[in-house]
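**Student:**
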Amino acid sequence: MSAWRGGSMNVVLNNMTKRYGELAAVNACSLEIKDGELITLLGPSGCGKTTLLRMVAGLLMPDGGQLFFGEKEMTLASAQERKAAMVFQHYALFPNLNVRENVAFGLKAAGIPREEISRKVRRALERVDLGALGYRRMDELSGGQKQRVALARALAVEPNVLLLDEPLSNLDEKLRQSMRRNIRALQQELGMTTLYVTHDQQEAMAISDRIAVMNQGVIQQLGRPYEIYDTPRNAFVADFIGHANILKGKVLSRDSGRYRVLLQGRERFVKSKKSFVDGDAIELMIRPEAIQFSENGIPANIQWMEHLGSIVRYTMECQGTELLVDRVNALSTKRDQIGDAVRVEYDDDVLVVLE
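Remember, my numbering sits 1353 above the position in the sequence shown when you count from 1.
1. Taking 8 angstroms as the cut-off, does the stretch 1448-1459 touch the stretch 1477-1487 (at least 3 CB pairs, one atom from each stretch)?
2. Using the beta-carbon count (16 or more within 10 Å), is Phe-1447 buried or exposed?
3. Which stretch, first to last residue, makes up the alpha helix (DSSP H) that contains Asp-1592?
4. Under DSSP, the alpha helix (DSSP H) around Gly-1374 begins and ends at which residues?
5. Mind checking Ser-1495: buried by the 16 CB within 10 Å criterion, or exposed?
6. Less than 8 angstroms between the C-beta atoms of Asp-1518 and Leu-1376, yes or no?
7. Among Phe-1589, Thr-1547, Thr-1546 and Thr-1584, which residue has its Cα nearest to the Cα of Met-1567?
8. Can you tell me whether Ala-1485 is helix, strand or coil according to DSSP?
9. Comparing C-alpha positions only, which one of Asp-1583, Gly-1570, Ala-1381 and Asn-1523 sits nearest to Gln-1419?
10. Does DSSP put Ala-1356 in a helix, in a strand, or in coil?
11. In chain order, what residues of the same chain lie with their CB nearer than 7 angstroms to the CB of Val-1678, ignoring the 5 residues before and after it?
12. Measure the C-alpha to C-alpha separation of Ile-1655 and Arg-1537 and round it to an integer number of angstroms.
13. Does the Cβ-Cβ distance between Thr-1546 and Val-1364 come in under 8 angstroms?
14. Going by beta carbon distance, what residues of the same chain come within less than 8 angstroms of Ile-1691, once the five residues before and after it are set aside?
15. Can you give me the Cβ contacts of Gln-1574 inside the same chain, cut-off strictly under 7 angstroms, excluding the 5 residues immediately before and after it?
16. In the DSSP assignment, what residue or residues form a beta bridge with Tyr-1729?
17. State yes or no: is the C-beta of Ile-1639 within less than 8 angstroms of the C-beta of Val-1681?
18. If I measure Cβ to Cβ from Ile-1599 and keep anything under 8 angstroms in the same chain, skipping five residues before and after, which residues do I get?
19. Does the count of Cβ pairs from the stretch 1543-1563 and the stretch 1384-1395 closer than 8 angstroms reach three?
20. Please report the residue range of the alpha helix (DSSP H) in which Leu-1508 lies.
21. Would Ala-1437 pass as a contact of Val-1474 if the rule is Cβ separation under 8 angstroms?
22. Just to confirm my understanding: we take Lys-1371, look at its own chain, exclude 5 residues before and 5 after, and list those with CB closer than 7 angstroms. What are they?
23. Rounded to the nearest angstrom, what separates Val-1630 and Gly-1374 at their Cα positions?
24. Identify the residues that DSSP records as bridge partners of Tyr-1667: which are they?
25. Do Lys-1603 and Ala-1653 count as a contact pair if the criterion is CB distance below 8 angstroms?
26. Around the Cβ of Ala-1683, are there at least 16 other Cβ atoms within 10 angstroms (buried) or fewer (exposed)?
27. Can you name, in chain order, every residue of its own chain whose Cβ lies under 7 angstroms from the Cβ of Arg-1611, other than the five neighbours on each side?
28. Cα separation between Pro-1512 and Ser-1361?
29. What's the call for Gly-1570, buried or exposed, on a 16-neighbour Cβ count within 10 Å?
30. Looking only at DSSP bridge pairs, what is Arg-1696 linked to?
31. Assign Arg-1501 to one of two classes, buried (16 or more other C-beta atoms within 10 Å of its C-beta) or exposed (fewer than that).
32. Identify the continuous alpha helix (DSSP H) that holds Thr-1404 and give its terminal residues.
33. Mind checking who Gly-1576 pairs with in its DSSP beta bridge?
What follows is the structure in structure tokens.
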């Protein structure tokens, strides 16, 4: 296969802002995507992630802030000047064109010579394993094949930056898992600087070098997938990424760099970069899988159970608080029932102090 001729560069967003009347769809967002890195914008519908992506693409002009591709400012540059390619949620393929013609569309629009278009189209289709389907019509393709055509069209122009807006949302779960692996492998092979948008937490965790969690137009936290999951900054991030128990406690004292906290009727010792004084309320997070059944634990009552294949998820009432507990579903596991009184325990070091 021919060598990749696209570029790759870092992309810097400084205080990017987009307003619609009084509403700040994107509010002073700053982000650096390193050369060859894949960053995912993750958040619920309406959080501003697609708006931010479209500003990077040049499809929307910002109301404030700056955008750089490498050393060159691109804040007000046209989409054509940016040499960025975008894969849309609904693919935006032309039903009256075959696969090759769809992939060639951007190249023709750019005035590329016919022979060079043929080479670039062939190379792009080979990269997504569609080399044999060049003359198929769109109505002869599966959803996964259409997604790969859209990706091939983006690769054909050999962009410096690849932008993907919910590219897998129209596929079934198994196909999504397969396609996200393909996209990630191709991105790493070609070393493309990539900005990826999704609302799917598992997709973001699986595909990203780093994740920017967004809510209400603001980047709430930026970090590697394990950092976002293990040490969320606030209750929104904790609850949006996976499942989380948010517990409220009271600071009793500070002792040897740790805080002594009253939590669910027991004293706990936790570390925090945030400063507290005696008597302060404190909010802590613990993941369901970090809680164990224990004969000497805190009394709890099982209110609901969900069998989720490899785990059983319990909803419990524990010291006046609802608690989610995940337990591995092994043959040797005791089969508890709704209404059972049990005891649960967790280590102090799995508690995360939230802002």
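For each residue, glycine too, the CB sits at the ideal point set by N, CA and C.
**Tutor:** Quick look at the numbers:
1. Yes: the two stretches touch, three or more of their Cβ pairs being nearer than 8 angstroms.
2. Within the sequence shown, numbered from 1, the residue matching residue 1447 stands at position 94. The residue in question, Phe-1447, is exposed, as its Cβ has fewer than 16 Cβ neighbours within 10 Å.
3. For the purposes of this step, residue 1592 is taken as residue 239 along the sequence shown, with counting starting at 1. Residues 1588-1593.
4. By 1-based counting over the sequence shown, the position of residue 1374 is 21. Per DSSP, Gly-1374 belongs to no alpha helix (DSSP H) and is neither H nor E.
5. Here residue 1495 refers to the residue found at position 142 of the sequence shown. Residue burial is scored here from C-beta neighbours: Ser-1495 has fewer than 16 other C-beta atoms within 10 angstroms and is therefore classed as exposed.
6. For this step, residue 1518 is matched to residue 165 along the sequence shown. For this step, residue 1376 is matched to residue 23 along the sequence shown. No; because the gap between Cβ atoms is not below 8 angstroms, this pair is not in contact.
7. Start at 1 with the first residue of the sequence shown, and residue 1567 comes out as number 214. Ranking the options by Cα distance to Met-1567, first place goes to Phe-1589.
8. Residue numbering aside, residue 1485 sits at position 132 when the sequence shown is read from its first letter. Residue state, collapsed to three classes: helix.
9. Here residue 1419 refers to the residue found at position 66 when the sequence shown is read from its first residue. For the options Asp-1583, Gly-1570, Ala-1381 and Asn-1523, the alpha carbon positioned closest to that of Gln-1419 is the one of Ala-1381.
10. One-based indexing of the sequence shown puts residue 1356 at position 3. With a pLDDT of 49 at Ala-1356, under the threshold of 50, the modelled position of this residue cannot be trusted, and the question is left open.
11. Residue 1678 sits at position 325 when you count from the first residue of the sequence shown. Excluding five sequence positions before and after Val-1678, the CB atoms of its chain that fall closer than 7 angstroms to its own CB belong to Pro-1641, Ile-1644, Tyr-1667, Met-1669 and Val-1697, given in chain order.
12. Working through the sequence shown from its first residue, we reach residue 1655 at position 302. Working through the sequence shown from its first residue, we reach residue 1537 at position 184. Rounded to the nearest angstrom, the gap between the Cα atoms of Ile-1655 and Arg-1537 is 41 angstroms.
13. Within the sequence shown, residue 1546 is the residue found at index 193, counting from 1. Within the sequence shown, residue 1364 is the residue found at index 11, counting from 1. In this structure, Thr-1546 lies near Val-1364, with their beta-carbon atoms less than 8 angstroms apart.
14. Residue numbering aside, residue 1691 sits at position 338 when the sequence shown is read from its first letter. Hits under 8 angstroms: Ile-1655, Gln-1656, Trp-1657 and Met-1658.
15. Here residue 1574 corresponds to residue number 221 of the sequence shown, with the count starting at 1. So the qualifying residues of the chain are Val-1566, Ile-1581, Pro-1585, Arg-1586 and Val-1590.
16. Since the first residue of the chain shown is 1354 and the last is 1708, residue 1729 is not available in this structure.
17. Here residue 1639 refers to the residue found at position 286 when the sequence shown is read from its first residue. Here residue 1681 refers to the residue found at position 328 when the sequence shown is read from its first residue. Taking 8 angstroms as the cut-off, the beta carbon of Ile-1639 is found no closer than this to the beta carbon of Val-1681.
18. As a first step, residue 1599 is located in the sequence shown; it is residue number 246 there, counting from the start. Excluding residues within five positions, the ones whose Cβ falls inside 8 angstroms are Ala-1588, Ala-1591, Asp-1592, Glu-1636, Leu-1637, Met-1638 and Leu-1707.
19. Three or more beta-carbon pairs drawn from the stretch 1543-1563 and the stretch 1384-1395 are found closer than 8 angstroms, and the two stretches are therefore classed as touching.
20. Here the question's residue 1508 lines up with position 155 in the sequence shown. Secondary structure note for Leu-1508: its alpha helix (DSSP H) is the uninterrupted segment 1496-1509.
21. As a first step, residue 1437 is located in the sequence shown; it is residue number 84 there, counting from the start. As a first step, residue 1474 is located in the sequence shown; it is residue number 121 there, counting from the start. No, these two residues do not count as a Cβ contact at 8 angstroms.
22. Locating residue 1371 in the sequence shown gives position 18, counting from the first residue. Result list for Lys-1371: Ala-1378, Val-1379, Thr-1404, Met-1408, Leu-1413, Pro-1415 and Asp-1416, in chain order.
23. In the sequence shown, residue 1630 corresponds to position 277, counting from 1. In the sequence shown, residue 1374 corresponds to position 21, counting from 1. Straight across, the Cα-Cα distance linking Val-1630 with Gly-1374 is about 41 angstroms.
24. Against the sequence shown, residue 1667 aligns to sequence position 314. Under DSSP, the beta-bridge partners assigned to Tyr-1667 are Met-1658 and Val-1678.
25. For the purposes of this step, residue 1653 is identified with residue 300 of the sequence shown, where counting begins at 1. For the purposes of this step, residue 1603 is identified with residue 250 of the sequence shown, where counting begins at 1. Not closer than 8 angstroms, so no.
26. For the purposes of this step, residue 1683 is taken as residue 330 along the sequence shown, with counting starting at 1. Ala-1683 should be labelled exposed.
27. Counted from its first residue, the sequence shown places residue 1611 at position 258. Taken in chain order, the residues that qualify are Phe-1622, Val-1623 and Lys-1624.
28. Within the sequence shown, numbered from 1, the residue matching residue 1512 stands at position 159. Within the sequence shown, numbered from 1, the residue matching residue 1361 stands at position 8. One C-alpha to the other measures close to 8 angstroms.
29. Position 217 of the sequence shown, counting from 1, holds the residue named residue 1570. Taking a 10 Å sphere around the C-beta of Gly-1570, we find 16 or more other C-beta atoms and assign the residue as buried.
30. Residue 1696 sits at position 343 when you count from the first residue of the sequence shown. Under DSSP, the beta-bridge partners assigned to Arg-1696 are Pro-1652.
31. The residue labelled residue 1501 in the question sits at position 148 within the sequence shown. Flag for Arg-1501 reads buried.
32. What you label residue 1404 is simply residue 51 of the sequence shown in a count that begins at 1. 1402-1410 is the extent of the alpha helix (DSSP H) around Thr-1404.
33. Counting from one through the sequence shown, the residue named residue 1576 turns up at place 223. In the DSSP output, where bridge partners are listed per residue, Gly-1576 has Ile-1564.
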